[in-house]
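Colleague:
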Amino acid sequence: MLMTDRFVAAQRAMDADVYLNPSIFEAELDTVLAATWQYAGHVSELANPGDYVSFEIAGEPLFTLRDNDGEIRTFFNVCMHRGHQLVAGSGSRKLIVCPYHAWSYRLDGKLHKAPHSDGRAGFDADEICLTQVQTEDFHGFLFVNLDPDARPMDELYPGIRATMVDFLPSIDRMQPIERREFVAESNWKVAVENYNECYHCKNVHASFSRGVVLPDSYTIKPVGQCLHHQADSSPDQYYDIDLEASPHAAEYTSFYLWPLFSFQVYPGPVLNTFCWRPESVGRTPFFREWFSLDGAESDVVHTVAEEDANTTVAEDLRLVASVQRGMASRGYRPGPLILDPDMGLNSEHTVAAIKAWYQEAMLGERS
Ligand code: FES
Ligand SMILES: [Fe+2]
Numbered sequence: 002m003l004m005t006d007r008f009v010a011a012q013r014a015m016d017a018d019v020y021l022n023p024s025i026f027e028a029e030l031d032t033v034l035a036a037t038w039q040y041a042g043h044v045s046e047l048a049n050p051g052d053y054v055s056f057e058i059a060g061e062p063l064f065t066l067r068d069n070d071g072e073i074r075t076f077f078n079v080c081m082h083r084g085h086q087l088v089a090g091s092g093s094r095k096l097i098v099c100p101y102h103a104w105s106y107r108l109d110g111k112l113h114k115a116p117h118s119d120g121r122a123g124f125d126a127d128e129i130c131l132t133q134v135q136t137e138d139f140h141g142f143l144f145v146n147l148d149p150d151a152r153p154m155d156e157l158y159p160g161i162r163a164t165m166v167d168f169l170p171s172i173d174r175m176q177p178i179e180r181r182e183f184v185a186e187s188n189w190k191v192a193v194e195n196y197n198e199c200y201h202c203k204n205v206h207a208s209f210s211r212g213v214v215l216p217d218s219y220t221i222k223p224v225g226q227c228l229h230h231q232a233d234s235s236p237d238q239y240y241d242i243d244l245e246a247s248p249h250a251a252e253y254t255s256f257y258l259w260p261l262f263s264f265q266v267y268p269g270p271v272l273n274t275f276c277w278r279p280e281s282v283g284r285t286p287f288f289r290e291w292f293s294l295d296g297a298e299s300d301v302v303h304t305v306a307e308e309d310a311n312t313t314v315a316e317d318l319r320l321v322a323s324v325q326r327g328m329a330s331r332g333y334r335p336g337p338l339i340l341d342p343d344m345g346l347n348s349e350h351t352v353a354a355i356k357a358w359y360q361e362a363m364l365g366e367r368s
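For what it's worth, this note's numbering labels the leading residue of the sequence shown as 2, then goes sequentially.
1. Heavy atom of ligand 1 less than 8 Å from the Cβ of G84, yes or no?
2. For the structure I just gave you, are there three or more beta carbon pairs, one from the segment 40-57 and one from the segment 90-104, closer than 8 Å?
3. Along the alpha helix (DSSP H) that carries N146, what are the first and last residues, could you check?
4. Leaving out the 5 sequence neighbours to the left and right, which residues in its chain are closer than 8 Å to W358 when beta-carbon positions are compared?
5. Run through the segment 273-327 for me and flag every whole beta strand (DSSP E) of 3 or more residues, listed as ranges in chain order.
6. By how many angstroms is the C-alpha of F26 removed from the C-alpha of S330?
7. Provide the residue span of the beta strand (DSSP E) that contains T380, from first to last.
8. Use the C-beta contact count for A354: other C-beta atoms within 10 angstroms, 16 or more gives buried, fewer gives exposed.
9. Would you say A89 touches ligand 1, meaning its beta carbon is less than 8 Å from a heavy atom?
10. Give the straight-line distance between the Cα atoms of A10 and V134, rounded to the nearest whole angstrom.
11. Per DSSP, which one or two residues make a beta bridge with A227?
12. Quick one: what's got a C-beta closer than 7 Å to A185's C-beta in the same chain, skipping five residues either side?
13. Quick one: grab the DSSP three-state call for F168.
14. Assuming L169 contacts V266 (C-beta within less than 8 Å), just tell me the rounded distance between them.
15. Can you find a heavy atom of ligand 4 that lies under 8 Å from the Cβ of T254?
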């Protein structure tokens, strides 16, 4: 049996409890969020040594910086003295200085100075260093993994780094020019299942199905723990596309990286991303970023970002909120997934894939 055959074997949606139970959400912080690759930020935010961005994954405060050798590093955002938070937001520092007792750390995480510590019993400056976290640069997109034994992204998403270049030859030069924040009033799994199936597209997304893609050409193929969406562009595209930019400029594609990030390329090509940050069992803030070549201003990018927010995203937000309410009904029983071995538009094999990866994570298995 092919690894992907199990995603088209008859099965039902997951039990409502996994979308509703706060103690299951607490367990997921360890089993899923702290054990998978999560987005930290874009390399263009760390142009110079000392530049940093801070953020939170699985309830853990973290910051990513560029050190004096140009290396990108991520540390827990906690002082090794008595645990005060080190930095906030984003900015640039020559040294990381703790606001509490002014211990300072070099950009490689090693302790620089601790005031009044010379000769004090039990104090050895050489053994004090911030706790570092695995970081990967994926075409300028920085991902972190709190699991020190995590497998590299190229193993989990095999070939995707190269396939992305086929679709977007200039991906390493893309920079964010717009960011939009949203809140899904649902469990994060409801949000990413909805993102990854297009069975609902014709029914719900009129703008996307008429003005962006040709729905009947839509396929979604699992590649490792990536779901690769692909469709031809609509003949009634509502904005201009640059056919010279890539052999795939007239296609829509997206690369969902299990569990909480997706690269999406609208015909054009217009690169944009989804980053979901689960906050509680029933609430999932997420942000979308929109990119252009070298960060140049682009009316097309802003136009598509606006249309996307007002149509597809707004429509999906209503869907996932309704599903979350429905799951809580005592009348709900999980229904059968609609599974097509051709993995086309009207198939929920991707919901089955997410279910499989989720269950493996919760059971501590590796796929
Ligand atoms: S907690 Fe940071 S210097 Fe004391
Ligand atoms: Fe949708």
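Beta carbons are placed, not taken as given, at the ideal position from N, Cα and C, and that holds for glycine.
If you're wondering where the values come from, they're calculated on a predicted model, not measured in any experiment.
Modeller: Taking the geometry as given:
1. yes
2. yes
3. Segment 142-146 is the beta strand (DSSP E) holding N146; no alpha helix (DSSP H) there.
4. Q226, W259, P260, S368
5. 285-294
6. 19 Å
7. The structure shown does not extend to residue 380, since the chain spans only 2 to 368, so no value can be given for it.
8. buried
9. no
10. 38 Å
11. It should be noted that the sequence gives Cys, not Ala, for residue 227. DSSP output for C227 lists V224, L258 as bridge partner(s).
12. A192, T285, F287, L318, V321
13. helix
14. 6 Å
15. Looking at this structure, you won't find ligand 4 anywhere; what it does contain is ligand 1 and ligand 2.
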